[in-house]
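Protein chains: 2
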Amino acid sequence: MQTLSEENYLKIIYNLDKQGIKKVTPTAIAKALLNNPASAIDMLKKLVDKKLIIYDKTRGAKLTSAGKIIAISVIRRHRLWEVFLLDKLAYEWDQVHDIAEQLEHIRSPDLADRLDKFLGHPQYDPHGDPIPSSNGEMVMNSRLMLEEANVGKTYKVIGVKDSSPEFLQYLKRLDIGIGTSITVKEKISFDNSMMIQIGKNRQTSVSRVFSQNLLVCE
Amino acid sequence: MQTLSEENYLKIIYNLDKQGIKKVTPTAIAKALLNNPASAIDMLKKLVDKKLIIYDKTRGAKLTSAGKIIAISVIRRHRLWEVFLLDKLAYEWDQVHDIAEQLEHIRSPDLADRLDKFLGHPQYDPHGDPIPSSNGEMVMNSRLMLEEANVGKTYKVIGVKDSSPEFLQYLKRLDIGIGTSITVKEKISFDNSMMIQIGKNRQTSVSRVFSQNLLVCE
DNA sequence: TTAAATTATTAGGTTAGCCTAATAATTTTT
DNA sequence: AAAAATTATTAGGCTAACCTAATAATTTAA
Chain A
1 MQTLSEENYL KIIYNLDKQG IKKVTPTAIA KALLNNPASA IDMLKKLVDK
51 KLIIYDKTRG AKLTSAGKII AISVIRRHRL WEVFLLDKLA YEWDQVHDIA
101 EQLEHIRSPD LADRLDKFLG HPQYDPHGDP IPSSNGEMVM NSRLMLEEAN
151 VGKTYKVIGV KDSSPEFLQY LKRLDIGIGT SITVKEKISF DNSMMIQIGK
201 NRQTSVSRVF SQNLLVCE
Chain B
219 MQTLSEENYL KIIYNLDKQG IKKVTPTAIA KALLNNPASA IDMLKKLVDK
269 KLIIYDKTRG AKLTSAGKII AISVIRRHRL WEVFLLDKLA YEWDQVHDIA
319 EQLEHIRSPD LADRLDKFLG HPQYDPHGDP IPSSNGEMVM NSRLMLEEAN
369 VGKTYKVIGV KDSSPEFLQY LKRLDIGIGT SITVKEKISF DNSMMIQIGK
419 NRQTSVSRVF SQNLLVCE
């Protein structure tokens, strides 16, 4: 059994690795956790002892398969709780992260599965990140920025990149939320704006800044 | 801001007091928290420093108004989460306590209120205990054992005393859950059994042991 | 009201997880 | 390649929350 803090380190190591960093170093971990490299080293030693990571100076930290299982299950819980907070408790996209950061550590054998079922087995969290299944598989991340979408195709909104109140409010005014379908009608090369159709009827033009901050999937 | 552990102590002090114990002593607290009286004294000192309790050997520990506000809000969160786990995640009555024990410490200014709203402002938790309102008021506890109910009156099920799997399964077979209405048809003095009506149609006889373990309110 | 039992308190120790400051190693710049 | 900058590591400390063991105080029972 691992502590809350160990879970956080494993999660961060997983995320840093996935972000394509060359080497997961104590300094990088400390930066991500807003603490001290010396603290990170303390914890790396502990995780090595527990065989949850392997670590050497030249190659950095790598999760063992046991470590990866824990990291993914923490991420799964985090993303499920984010969906819960957004869908059920009507939080905004920018408010869910900090609370989910706490909820992800609640210990119970079947809580995540029950939550998953209750939420209708969501595929993505409100930031467009895929939710791992209970056996640790994550769907291929087929999300893209609306900017990169193809004319004529229809997409589903899965999240936002920018989650400033301004952007969120603008989205609300356009009736765009998680799951809204958006069809790309036209791309205007002059200013990189886009003509899109929201749902079945509404049509509007959106700026490049807009389309760079809306995550969709096919 | 108080730590998780401080919250637990405040909650226990509140509960012990409410249970009618004459004096909330370090030993009683330690027993409730499954730890050592010496630890309890450490914490009592800390809580006195923070002006969340007053303590002297002869009178025991008493919550200050600041301490009481915190204790009640922890209890509110605990009971709301219990309702969530039971109603939404389909946990059984006997499984919710331990998870709620963790969830009650999640920190967020408006989480409890949002949860409360989402759950439809429940009055009681699955153990029949009243849920404090956001301003800290608790409804008069009008719960009673079915055993004490009056013939001819209709009651609402609010919880169970015994939460063994056997009892819970029996209840499920009788279609009795939180909120089910039960009308007392007759009391049989011979063996203290009862004839009750469940919902609108179903009628059955229940033993004294049964009626001593089902909590209802008017 | 003594003796026995229980409770309160203190002293001193442990562990997890953090810290700073010093030093060693490595990388980057010039 | 030498100097400058960055990173890794160690040593030594800190705090919260627990612990055990010893002692003092109080309560209960004989």
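Protein chains in written order, with this note's numbering: chain A, 1 to 218; chain B, 219 to 436.
From the three backbone atoms N, C-alpha and C, an ideal C-beta is built for every residue, glycine too.
Because the structure is a prediction, the values reported are computed rather than measured.
**Message:** Can you give me the C-alpha to C-alpha distance between A/Ala90 and B/Met413, rounded to a whole angstrom?
**Reply:** 45 Å
**Request:** Just the C-alpha distance for A/Pro132 and A/Asp56, rounded to the nearest angstrom, thanks.
**Result:** 29 Å
**Completely contained beta strand (DSSP E) runs for the region 245 to 288 of chain B, where each covers 3 or more residues** = 271 to 274 and 278 to 281
**Message:** Strictly by DSSP, which residues pair up with B/Gly239?
**Reply:** Note that residue 239 of chain B is Ile in the sequence shown here, rather than Gly. Answer is none; B/Ile239 lacks a bridge partner.
**Of the listed residues B/Arg420, B/Tyr373, B/Ser407 and B/Asp409, nearest to B/Leu392 (C-alpha basis)** = B/Arg420
**Item:** Local conformation of B/His323 per DSSP, three classes
**Value:** coil
**Asked** Just how far apart, CA to CA, sit B/His296 and A/Ile188?
**Response** 54 Å
**Prompt:** What do you reckon, are the CB atoms on B/Ile230 and B/Pro244 nearer than 7 Å?
**Reply:** no
**Request:** Just confirm the distance between the C-beta atoms of B/Arg277 and B/Lys306, as a whole number of angstroms; I'd bet it's less than 8 Å.
**Result:** Not confirmed; about 43 Å, so no contact.
**Request:** Please state whether DSSP places A/Leu119 in a helix, a strand or coil.
**Result:** coil
**Asked** Who are the Cβ neighbours of A/Ile198 in its own chain at under 7 Å, not counting the five residues just before and after it?
**Response** Leu174, Asp175, Ile176, Thr180, Ile182 and Thr204
**Message:** Three or more C-beta pairs under 8 Å: does that hold for the region 319 to 329 of chain B against the region 262 to 272 of chain B?
**Reply:** no
**Item:** 8 Å CB neighbourhood of B/Trp311 in its chain, flanking five on each side removed
**Value:** Leu304, Pro344, His345, Gly377, Val378, Ser381 and Leu386
**Item:** Terminal residues of the alpha helix (DSSP H) in which A/Leu171 lies
**Value:** Pro165 to Arg173
**Request:** Below 7 Å CB to CB, which residues in the same chain sit around B/Ser411 once its five sequence neighbours on both sides are set aside?
**Result:** Ser423, Val424, Ser425 and Arg426
**Request:** Indicate the three-state DSSP secondary structure (helix, strand or coil) for B/Ser399 in the structure shown.
**Result:** strand
**Prompt:** When the cut-off is 7 Å and only beta carbons count, does B/Leu265 lie next to chain A?
**Reply:** no
**Request:** Classify A/Val139 as helix, strand or coil using the three-state DSSP reduction.
**Result:** coil
**Asked** Does the distance from the C-beta atom of B/Ser429 to that of B/Glu384 stay below 7 Å?
**Response** no
**Backbone CA spacing between A/Asp17 and A/Ser5 [nearest angstrom]** = 18 Å
**Item:** Rounded separation between B/Trp299 and B/Phe336 - CA only
**Value:** 11 Å
**Cα-Cα separation, B/Val375 to A/Val151** = 58 Å
**Message:** Which residue wins for smallest C-alpha separation from A/Lys153, given the options A/Asn8, A/Glu218 and A/Phe190?
**Reply:** A/Glu218
**Message:** For A/Ser211, report the span of its alpha helix (DSSP H) as first-last.
**Reply:** Arg208 to Ser211
**Asked** What does B/Lys306 touch in chain A if you count any residue whose Cβ is under 7 Å from its own?
**Response** Phe118
**Message:** Let's test the definition: count the other Cβ atoms within 10 Å of the Cβ of A/Gln219 and tell me whether it reaches 16, buried, or not, exposed.
**Reply:** Residue 219 of chain A lies beyond the stretch modelled for chain A, which goes from 1 to 218, so this question has no answer here.
**Prompt:** Just how far apart, CA to CA, sit A/Pro130 and B/Pro348?
**Reply:** 39 Å
**Item:** Member of A/Pro37, A/Glu7, A/Leu214 and A/Leu44 whose CA lies at the smallest distance from the CA of A/Ser73
**Value:** A/Glu7
**Asked** B/Arg297 CB to nearest chain A CB: under 7 Å?
**Response** no
**Asked** With a CB to CB cut of under 6 Å and the five nearest residues on each side skipped, what residues in its chain are close to B/Tyr227?
**Response** Met261
**Asked** In chain A, what lies closer than 9 Å to B/Leu386 by C-beta?
**Response** Within 9 Å Cβ-Cβ: nothing; B/Leu386 doesn't reach chain A, min ~17 Å.
**Request:** Using a Cβ cut-off of 9 Å, pull out every chain B residue sitting near A/Gln102, in sequence order please.
**Result:** His323, Ile324, Arg325 and Ser326
**Asked** If you run the structure through DSSP and keep just helix, strand and coil, what is A/Glu7?
**Response** helix
**Message:** Assuming the contact rule is C-beta atoms closer than 8 Å, A/Val216 and A/Tyr155 should be a hit. Round their C-beta distance to whole Å, please.
**Reply:** 4 Å
**Request:** Please state if the CB of B/Leu270 and the CB of B/Ala284 are separated by a distance shorter than 7 Å.
**Result:** yes
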